[in-house]
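Chains as they are written, first to last, in the working numbering: chain X, 95 to 193; chain L, 3 to 201. Note that the Cβ used here is the ideal one computed from N, Cα and C, for glycine as well. Quick caveat, the model's predicted, so the values are computed rather than measured. Below: the structure, in structure tokens.
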Amino acid sequence: MTTHNVDVKSHSKKYIKVYLALMVLTVLTVYASFLTVSVGVGIILALIIASVKSTLVAGIFMHLFGEKKIIIWTLILTIIFFIFLILIPLFSSLDSIKY
Amino acid sequence: MSTEIIPYTIEEREDTGVNNAKLGIWLFLTSEVMLFGALFSTYIFLRVGTINWPVGSSFLSVPMAALNTVFLITSSITMVMAWLSLVDKNFSAYRKYMLLTILLGCAFLVVKYFEYTAKFEHNLYPSTNTFLGLYFTMTGLHVLHVIGGLIVNIYFLFPGSKMWESNPERFKNRIEIAGLYWHFVDLVWIFLFPVLYLL
């Protein structure tokens, strides 16, 4: 983010709102873990909440919303590799079912 | 010996559109994503291959981890407010927010110390089972990152802050870069907390 046209007051208000949202989502994360749902649903719920929290931190605190294209494309490429990395163990478990 | 000035520490390069410091920290953070990604991938691999996987809360303290989440998220806002104070040319507010960030980071480490010692007192070590092996590896690596961030922040609060008088624009950039790293440490914890403690 360039600092030439930063409106300090509106930015600080925005940061406080994001902080409060993160706190609420943290309470939700703990609350969701006590719900009587299946393990699969529990994992999906927890990961959805964590993804929303991480989007807020990356987008607002790390200024990714409105960041330059080179940074965005570098991150998109990283996310593609990251997803592949996460899927590798799932591919291997599918393999063991097949044989 | 001539003194060469490092280019593009403040001004943006024409080809990338960002200054070198920002591109550098983002490239570093992408490598960090892959580092922690490898550990999360290992976690999934071991978990889907095991019939009996312990619930994290049976070994670990959820209230302590939730408290640590509050500490890290709060330190993220104080860090970004430290940067915003410099944008506002308010150096005393910067010092206040940076000190708060450091104290919250230290509080995180204190809670982690109590968590670790409680495990050791109950003879729970990384070698005890696969879950604890993963827990100590992932949180241990995260703790090292928190310590690294704290060292940088302490430097910018005390000796490094002299740059504010000589080159305020560059100092502001340095705090933004340090902030990006600190927020990343917070981001990793946002995923570690539910994955290890709640699922």
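Closer than 7 Å at the beta carbon, the chain L residues around residue i
| i | result |
| --- | --- |
| residue 100/X | 89 |
| residue 140/X | 196, 200 and 201 |
Neighbour list for residue i in chain L, Cβ cutoff strictly below 8 Å
| i | result |
| --- | --- |
| residue 111/X | Residues of chain L passing the Cβ test: none, with the nearest at roughly 10 Å. |
| residue 176/X | 35, 36 and 39 |
Proximity test, Cβ basis, 8 Å: residue i and chain X
| i | result |
| --- | --- |
| residue 196/L | yes |
| residue 132/L | no |
| residue 185/L | yes |
| residue 62/L | no |
| residue 19/L | yes |
| residue 75/L | yes |
| residue 32/L | yes |
| residue 1/L | One cannot answer for residue 1/L here, as it falls past the ends of chain L, which runs 3 to 201. |
| residue 53/L | no |
| residue 25/L | yes |
| residue 46/L | yes |
| residue 101/L | no |
| residue 152/L | no |
| residue 136/L | no |
| residue 182/L | yes |
| residue 143/L | no |
| residue 86/L | yes |
Burial state of residue i (16 or more Cβ within 10 Å)
| i | result |
| --- | --- |
| residue 176/L | buried |
| residue 116/L | exposed |
| residue 79/L | buried |
| residue 127/L | exposed |
| residue 155/L | buried |
| residue 157/L | exposed |
| residue 183/X | buried |
| residue 167/X | exposed |
Test: residue i CB closer than 8 Å to a CB of chain L
| i | result |
| --- | --- |
| residue 106/X | yes |
| residue 118/X | no |
| residue 122/X | no |
| residue 187/X | yes |
| residue 160/X | no |
| residue 170/X | no |
| residue 144/X | yes |
Same chain, Cβ closer than 6 Å to residue i, neighbours up to 5 away in sequence not counted
| i | result |
| --- | --- |
| residue 81/L | 103, 181 and 184 |
| residue 145/X | none |
| residue 22/L | 10 |
Beta-carbon separation (whole angstroms), residue i vs residue j, contact threshold 8 Å
| i | j | result |
| --- | --- | --- |
| residue 143/X | residue 126/X | 7 Å |
| residue 112/X | residue 154/X | 5 Å |
| residue 172/X | residue 35/L | 5 Å |
| residue 107/L | residue 148/L | 6 Å |
| residue 200/L | residue 58/L | 6 Å |
Neighbouring residues, chain L, relative to residue i (Cβ below 9 Å)
| i | result |
| --- | --- |
| residue 179/X | 36, 39, 40, 42 and 43 |
| residue 130/X | Neighbours of residue 130/X on chain L: none; closest Cβ ~13 Å, over 9 Å. |
| residue 137/X | 196, 197 and 201 |
Cross-chain neighbours of residue i in chain X, by beta carbon under 7 Å
| i | result |
| --- | --- |
| residue 78/L | 151 and 155 |
| residue 82/L | 109 and 155 |
| residue 189/L | 148, 151 and 152 |
Beta-carbon contacts of residue i that lie in its chain and below 7 Å, excluding the five residues immediately before and after
| i | result |
| --- | --- |
| residue 147/X | 116 and 119 |
| residue 171/L | 12 |
| residue 179/L | 23, 24 and 27 |
9 Å Cβ cut-off: residues of chain X touching residue i
| i | result |
| --- | --- |
| residue 68/L | 120, 121, 123 and 124 |
| residue 50/L | 183, 184, 186 and 187 |
| residue 160/L | Result: empty, since nearest Cβ-Cβ is about 23 Å, beyond 9 Å. |
| residue 106/L | None at all; the shortest Cβ gap to chain X is about 12 Å. |
Proximal residues to residue i (C-beta, below 8 Å), its chain only, five neighbours per side dropped
| i | result |
| --- | --- |
| residue 191/L | 70, 71, 74 and 144 |
| residue 140/X | 123, 126 and 127 |
| residue 110/L | 70, 73, 74, 77 and 148 |
Per-residue contacts from residue i into chain X (C-beta, under 8 Å)
| i | result |
| --- | --- |
| residue 72/L | 117 and 120 |
| residue 192/L | 144, 147, 148 and 151 |
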